[in-house]
Amino acid sequence: MDDLALEHATLDRAVSAVSTVFDELTVAGRRLDARARGFLGTGWQGEAAAAFADGYEEWAAGAQEVLGSVASMAALIAQANQRFADSDAAVGGSMQAIASRLGGRG
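Numbering (my numbering), first residue to last: 16 to 121.
If you want it as structure tokens, here you go:
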């Protein structure tokens, strides 16, 4: 049977990488939002402007969902890593207690 191993530092790096993606997407989204709203704020009117505004609002709502999902992903990875660390600490403590008891009988 194959062993399953987990490196807490690897999960820490994953959280950092996902958080960086979140930050980069947030900055890019703000820039794009400013540009899109700038187009709409110049007095652009008509069917094309209305279609653009509708499409942009739909896209912006989807982008916010993506950002929320990326933030959730980072939080869930961090939470899982903490649970693994807590479990490792508890198992380590139990193993030390057993080793002490076994060592005391010899």
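No residue lacks a Cβ here, since even glycine has one placed at the ideal position from N, Cα and C.
- It is roughly 31 Å from the alpha-carbon of Gly61 to the alpha-carbon of Leu82.
- The segment 92-110 makes contact with the segment 22-34: 3 or more CB pairs, one atom from each, lie closer than 8 Å.
- By the C-beta density criterion, Ala89 is buried, having at least 16 other C-beta atoms within 10 angstroms.
- In this structure Phe37 is buried. Its beta-carbon is surrounded by 16 or more other beta-carbon atoms within 10 angstroms.
- In this structure, DSSP gives Gly61 a state outside helix and strand, which the three-state scheme calls coil.
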